[in-house]
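Accompanying notes for the structure given below.
Number of protein chains: 2
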Amino acid sequence: MSCTEPALQTLRARGFRMTPQRLCVLEILHNAPEHLTPQQVYEQAARAMPGLTETTIYRALEFLAGHNLVNAALTANGKLTYELARRAHHHLVCRVCGQQVEIDHEILLPVYRSLEETSGFHINTSHLTFFGLCPHCKETE
Amino acid sequence: MSCTEPALQTLRARGFRMTPQRLCVLEILHNAPEHLTPQQVYEQAARAMPGLTETTIYRALEFLAGHNLVNAALTANGKLTYELARRAHHHLVCRVCGQQVEIDHEILLPVYRSLEETSGFHINTSHLTFFGLCPHCKETE
DNA sequence: TATGCTATTGCAAGTATTTTCAATAAGGAG
DNA sequence: CTCCTTATTGAAAATACTTGCAATAGCATA
Ligand SMILES: [Mn+2]
Ligand SMILES: [Mn+2]
Ligand SMILES: [Zn+2]
Ligand SMILES: [Zn+2]
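Taken in sequence, the protein lines are chains A and B.
Going by our numbering, the first sequence opens with residue 1, and the numbers climb by one from there.
Going by our numbering, the second sequence opens with residue 142, and the numbers climb by one from there.
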C-alpha cells in the first residue's frame with residue numbers, strides 16, 4: 001500500500017527492515033479513529049495475521065515510535081496508547097469524563113523556543129498530554 | 142514527623158485515613174534525591190516495614206498522587222516514577238544520556254492560560270516531562 | 001476510653017509487559 | 001535468481017502491575 005512507502009524507505013535507509021508485522025500495525029493505526037492501546041492493536045492484528053504474538057506488537061509499537069512513524073500518548077491513568085504519526089499536535093484531556101481536545105503544536109512553539117534558549121537543549125517531544133477539567137465537569141466540580 | 146502533619150490533615154478532612162504504610166511512602170519520597178520507581182519505593186519500604194506488600198505501594202502512590210501529595214513523572218521509556226509534591230515544576234530530559242533539567246512552572250503559565258482560554262478547560266497537569274537532546278548529546282548527534 | 005463504621009491492607013489470582021534465545025526471513029550483494 | 005548476513009520473530013519464562021475479597025485497623029463519636 002502506498003501510504004507506507006515512505007515509512008519503508010525510512011527504515012531501509014537506516015539499516016532496518018519492513019516486515020509484514022510492522023506493516024500490519026501501521027495499517028491498523030492508519031484506520032484507527034483514535035489512539036489505540038497495545039492490546040487493541042494486538043486484537044486487530046491477530047485477526048489479520050493469525051500466529052502473530054503480543055510480544056511482536058509491543059516491539060513493533062516501540063520500534064515505530066522510535067522512528068517517529070507512530071506517536072505514543074499518555075492516558076489519564078498513566079498508560080500508553082498509540083496513533084499514526086501525523087501533523088504535530090498535543091492533547092488536553094478531562095480527568096473526569098475523558099473528553100479530549102486536540103492542540104496544535106504551533107500554540108506551544110513559543111514555549112519550546114524559550115525552553116530551548118534557557119536550557120540549551122533541543123526539544124523533540126512531539127506529543128504531550130495535558131490534563132484538566134472540561135467546561136462541563138468544571139461546573140459540577 | 143512534622144512534615145507530614147499537613148498531609149494527615151488533608152486526608153482526614155476528606156474522610157480518608159493516614160496509615161503507617163502511607164507515612165512510610167511519604168517519608169521515603171521525602172528523603173529521595175530524585176524520582177523513584179514503584180519498585181524502588183517498595184524496596185526501601187519493605188526494609189522499614191517488613192510484611193508490607195507491593196500491592197500496597199502501588200495503591201499508596203496512586204492514592205497520594207490523587208491527593209496531590211506526590212507527583213508522578215513520565216520517564217523516557219513510558220514508565221511512571223514518583224516524587225514528593227513540592228514547588229510546581231516540570232522536567233526536560235535528554236533522550237540519549239538521561240540528563241535532567243528542571244523547569245519552573247511559571248515559564249509555562251502563559252501557554253496554560255492561552256490553552257484554557259481557547260478550550261474552556263481548567264488545566265491542572267502539574268508535572269510535565271519534555272524530551273530532547275542536551276547540549277552535549279546535541280553535538281555528537 | 002470503649003464502640004462501630006468502613007477505609008485500607010495482605011494475600012492470591014489475574015492481566016500486562018519485558019526479556020532471553022534459538023529459528024526465521026528481509027533485503028543487499030553477486 | 002541464489003547466497004549470506006543479521007535484524008526480527010515466536011515461544012517460554014520472568015517481571016511488573018491490577019483486581020477481588022475477607023480480615024484488619026484508623027478514627028469519629030459518644
Ligand atoms: Mn494524538
Ligand atoms: Mn519532578
Ligand atoms: Zn469532563
Ligand atoms: Zn544528553
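Even glycine gets a Cβ: it sits at the ideal position worked out from N, Cα and C.
Collapsed DSSP secondary structure at residue 90 (chain A) in the structure displayed = strand
task = Please find out if some non-hydrogen atom of ligand 4 comes closer than 7 Å to the beta-carbon of residue 185 (chain B).
result = no
key: Below-8 Å beta-carbon distance, residue 78 (chain A) vs any chain B residue   = yes
task = Identify, in the order they occur along the chain, each residue of the same chain with its Cβ nearer than 6 Å to the Cβ of residue 100 (chain A), setting aside the five sequence neighbours on each side.
result = 91, 93
inquiry  = Closer than 7 Å to a non-hydrogen atom of ligand 2 - does that hold for the CB of residue 168 (chain B)?
reply    = no
ask   = In chain A, what lies closer than 9 Å to residue 170 (chain B) by C-beta?
value = The contacting residues do not exist; residue 170 (chain B) stays about 17 Å from chain A at best.
task = Would you list the one or two residues that DSSP bridges to residue 9 (chain A)?
result = Answer by DSSP bridge pairing: none, since residue 9 (chain A) is not bridged.
request  = Could you tell me the distance, in whole angstroms, from the CA atom of residue 142 (chain B) to the CA atom of residue 172 (chain B)?
outcome  = Note that residue 142 (chain B) scores a pLDDT of 47, beneath 50, so its modelled location is shaky; the value from the coordinates is reported in the next line. Spanning the two alpha carbons is a distance of roughly 13 Å.
request  = Check residue 102 (chain A) in the structure and name its three-state DSSP category.
outcome  = strand
query = If you drop the 5 nearest sequence neighbours on each side, which residues of the same chain put their C-beta closer than 8 Å to that of residue 73 (chain A)?
reply = 35, 80, 81, 82, 83, 91, 127, 129
CA-to-CA distance, residue 19 (chain A) to residue 55 (chain A), given in whole angstroms = 15 Å
request  = Answer yes or no: does any C-beta atom of chain B fall closer than 8 Å to that of residue 120 (chain A)?
outcome  = yes
task = With a cut-off of 8 Å on the beta carbons, I'd call residue 105 (chain A) and residue 88 (chain A) a contact; round off their distance for me.
result = 4 Å
key: Whether residue 236 (chain B) touches residue 205 (chain B) by CB criterion (8 Å)   = no
query = Quick one, which of A:11, A:51, A:38, A:111 has its alpha-carbon nearest residue 183 (chain A)'s?
reply = Here chain A has residues from 1 to 141 only, and residue 183 (chain A) is not among them.
task = Report the residues of the region 104-138 of chain A with a CB closer than 7 Å to any CB of chain B, ordered along the chain.
result = 107, 108, 111, 114, 115, 119, 120, 121, 122, 123, 124, 125, 128, 130, 131, 132, 133, 134, 135, 138
key: Positions along the region 45-78 of chain A whose CB lies within less than 8 Å of some CB in chain B   = 72, 74, 78
message = Against residue 182 (chain B), what residues of chain A qualify as contacts under a CB-to-CB distance less than 9 Å, listed in chain order?
response = Per Cβ cutoff of 9 Å: no residues; residue 182 (chain B) is ~15 Å from chain A at best.
message = Tell me the rounded alpha-carbon separation between residue 41 (chain A) and residue 102 (chain A).
response = 22 Å
request  = Please report the residue range of the alpha helix (DSSP H) in which residue 130 (chain A) lies.
outcome  = Taken as a continuous stretch (DSSP letters only), residue 130 (chain A) belongs to no alpha helix (DSSP H), being part of the beta strand (DSSP E) at 129-133.
message = Less than 7 Å separating the Cβ of residue 88 (chain A) from some heavy atom of ligand 1?
response = no
key: Residue-level contact to chain A via CB, residue 238 (chain B), 8 Å cutoff   = no
key: Residues near residue 24 (chain A) in its chain [Cβ-Cβ closer than 6 Å; skip 5 each side]   = 45, 48, 49
ask   = DSSP puts residue 223 (chain B) in a beta bridge; with which residues?
value = B:177, B:213
request  = Return yes when the C-beta of residue 116 (chain A) is under 7 Å from any heavy atom of ligand 1, and no when it is not.
outcome  = no
query = Is it the case that the Cβ atoms of residue 131 (chain A) and residue 266 (chain B) are separated by a distance below 8 Å?
reply = yes
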